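J.: Positions in the sequence shown are counted from 1; adding 200 to them yields my numbering.
Note that the Cβ used here is the ideal one computed from N, Cα and C, for glycine as well.
Predicted, not measured: the structure shown is a model, and the values here were computed from it.
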Amino acid sequence: MSKLNSLYRQLQIIKTAKKGPFTWDQLQSNLEEKSNDKEMDLLISKRTLNRDLKEIEELFGLIIEYDFKSSRYRINIEESSENHLELLESFETIQAFRRANRLSGKVFFEKRLARGTEYLKPILEAIENQEVILVEYEKYWLWKSEIRELRPVALKEYLNRWYVMAWTEKDQLHFFGLDRIKSLELIPGKVSIPPAPDLESRFLETIGIINNSKETVETVVLTFTEFKGRYIKSMPIHPTQQILVDDGNILKICLRVKINYELISVILSHGDEVKVEEPERLKEMVKEKAKNIMESKIK
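1) Here's the rule: buried if 16 or more other CB atoms are within 10 angstroms of the residue's CB, otherwise exposed. What is E325?
2) Going by DSSP, what residue range makes up the alpha helix (DSSP H) through F260?
3) For I327, which residues of its own chain have a beta-carbon under 8 Å away from its beta-carbon, when the five flanking residues on both sides are left out?
4) Using C-beta distances below 7 Å, list every residue in its chain close to L399, excluding the 5 sequence neighbours before and after it, in chain order.
5) Would a C-beta distance cut-off of 8 Å place Q442 and I450 closer than the cut-off?
6) Please confirm if the stretch 203 to 219 is in contact with the stretch 273 to 282, defined as three or more CB-CB distances below 8 Å between the two stretches.
7) Assuming M365 is part of the beta strand (DSSP E), what are its boundary residues?
8) If the criterion is Cβ atoms closer than 8 Å, does the pair I493 and V466 meet it?
9) Thinking G377 and R402 are a contact (beta carbons under 8 Å), I'd like their distance in whole angstroms, please.
10) Need the endpoints of the alpha helix (DSSP H) that I437 sits in, please.
11) Which residue or residues does DSSP assign as beta-bridge partners of D446?
12) Applying the 10 Å Cβ sphere with the 16-neighbour rule, what's the burial state of M201?
13) Beta-carbon within less than 6 Å of E255's beta-carbon, same chain only, minus the 5 sequence neighbours each way: which residues are those?
14) By a C-beta neighbour count over all protein chains shown, 10 Å radius and 16 as the cutoff for buried, is Q212 buried or exposed?
15) Looking only at its own chain, which residues have a Cβ that is under 8 Å from the Cβ of E426, when we skip the five neighbours before and after it?
16) Could you work out which residue in N460, K390, R430 is closest to N411 when comparing CA atoms only?
17) Between K475 and T423, what straight-line distance do the alpha-carbon atoms span, to the nearest angstrom?
18) Please name the residue, chosen from L404, D371, E405, that lies closest to S392 on a Cα-to-Cα basis.
19) Are E478 and V421 touching if we call contact CB-CB under 8 Å?
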């Protein structure tokens with residue numbers, strides 16, 4: 201049985217479990233239906249199901265157990281962590297690409313592809329093994345390349361670009377865009393890696409990747425038109441987003457973030473359908489940027 205079938209079958213098992221407890225017969229019926237839709241043989245034995253459930257737990261942190269009292273399979277919510285489920289979402293997108301190839305002229309995807317993704321695997325290996333990577337790195341603002349010796353600690357994606365957070369030669373923690381790496385070499389041998397800050401908290405404090413330690417987290421209040429507010433509710437600007445007012449005329453939200461370039465860019469992207477309410481200094485920064493746009497002398 202191919203790995204492709206296994207991945208797609210595990211995706212269907214997870215989707216079935218997320219709808220609620222299910223019986224063996226319900227799962228088989230679902231897999232049979234998907235087999236016909238996808239022209240795949242997804243039907244399995246209980247032995248294979250048990251192996252799938254173990255792989256789902258190992259790969260994605262989702263624990264699906266059999267409850268003897270109800271004779272149903274269910275998600276153990278307390279024990280599950282649901283790590284890396286976005287990988288399955290990516291897999292489903294890939295499947296959509298495969299179908300799109302058979303529907304030329306009917307399905308249209310963005311043509312922009314992130315550069316530097318070929319370096320994801322070696323960087324992940326370096327993080328796991330605590331190894332050094334030697335990269336030729338191009339700084340766009342200098343129009344030249346330099347050789348850097350980095351100790352990577354994390355990867356972060358933002359706006360279809362990948363960044364590696366790494367300790368530099370001077371023991372400083374910086375981000376490097378993978379699209380600016382011209383070559384990469386793994387240097388074998390475990391090295392000492394300084395302890396990194398709480399990265400989840402660090403990323404939660406900002407929009408994008410820049411987190412200035414001199415800045416403090418502030419409450420940002422934004423008001424949107426009713427129409428734009430529908431989009432903001434369906435795709436929140438930030439995980440800390442909370443709705444303050446939603447009365448059918450406006451949507452007022454608040455965020456708990458540091459003020460940075462990315463936040464201002466997001467606000468400006470909504471044009472005249474957003475108003476900055478708080479803090480006052482953010483109002484002035486957005487106003488200044490808007491003024492500069494109108495008075496830009498770029499030719």
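T.: Inspection of the coordinates gives the following:
1) In the sequence shown, residue 325 corresponds to position 125, counting from 1. So E325 ends up on the exposed side.
2) Start at 1 with the first residue of the sequence shown, and residue 260 comes out as number 60. Start and end: 246 to 260.
3) One-based indexing of the sequence shown puts residue 327 at position 127. Closer than 8 Å at Cβ, skipping near neighbours: P352, V353, A354, L355.
4) Residue mapping note: residue 399 aligns to position 199 of the sequence shown, counting from 1. Closer than 7 Å at the Cβ level, and outside the excluded window around L399, lie A354.
5) On the sequence shown, position 242 is the one that residue 442 refers to. On the sequence shown, position 250 is the one that residue 450 refers to. Against a cut-off of 8 Å, the Cβ pair of I450 and Q442 comes out as no contact.
6) yes
7) Start at 1 with the first residue of the sequence shown, and residue 365 comes out as number 165. Where M365 is concerned, the enclosing beta strand (DSSP E) stretches over 361 to 367.
8) Position 293 of the sequence shown, counting from 1, holds the residue named residue 493. Position 266 of the sequence shown, counting from 1, holds the residue named residue 466. Against a cut-off of 8 Å, the Cβ pair of V466 and I493 comes out as no contact.
9) What you label residue 377 is simply residue 177 of the sequence shown in a count that begins at 1. What you label residue 402 is simply residue 202 of the sequence shown in a count that begins at 1. About 18 Å separates the two Cβ atoms, so there is no contact after all.
10) On the sequence shown, position 237 is the one that residue 437 refers to. Looking at the DSSP string, I437 is not in any alpha helix (DSSP H), and its letter there is neither H nor E.
11) For this step, residue 446 is matched to residue 246 along the sequence shown. Bridge partners of D446: L451.
12) Position 1 of the sequence shown holds residue 201. Caution applies to M201, whose pLDDT of 48 falls short of 50 and renders its modelled position unreliable; the model cannot decide the point.
13) Along the sequence shown, one-based indexing puts residue 255 at 55. Same-chain partners within the cutoff: there are none.
14) Residue mapping note: residue 212 aligns to position 12 of the sequence shown, counting from 1. It counts as buried.
15) The sequence position of residue 426 within the sequence shown is 226, counting from 1. Excluding sequence neighbours, E426 sits near G448, N449, I450, L451.
16) For the purposes of this step, residue 411 is taken as the residue at position 211 of the sequence shown. Of the candidates N460, K390, R430, the one whose C-alpha sits nearest the C-alpha of N411 is N460.
17) As a position in the sequence shown, residue 475 is number 275, starting the count at 1. As a position in the sequence shown, residue 423 is number 223, starting the count at 1. Each residue's Cα considered, the two are about 5 Å apart.
18) As a first step, residue 392 is located in the sequence shown; it is residue number 192 there, counting from the start. The residue with the shortest Cα to Cα distance from S392 is D371.
19) Translated into the one-based positions of the sequence shown, residue 478 becomes position 278. Translated into the one-based positions of the sequence shown, residue 421 becomes position 221. Cβ atoms of E478 and V421: closer than 8 Å.
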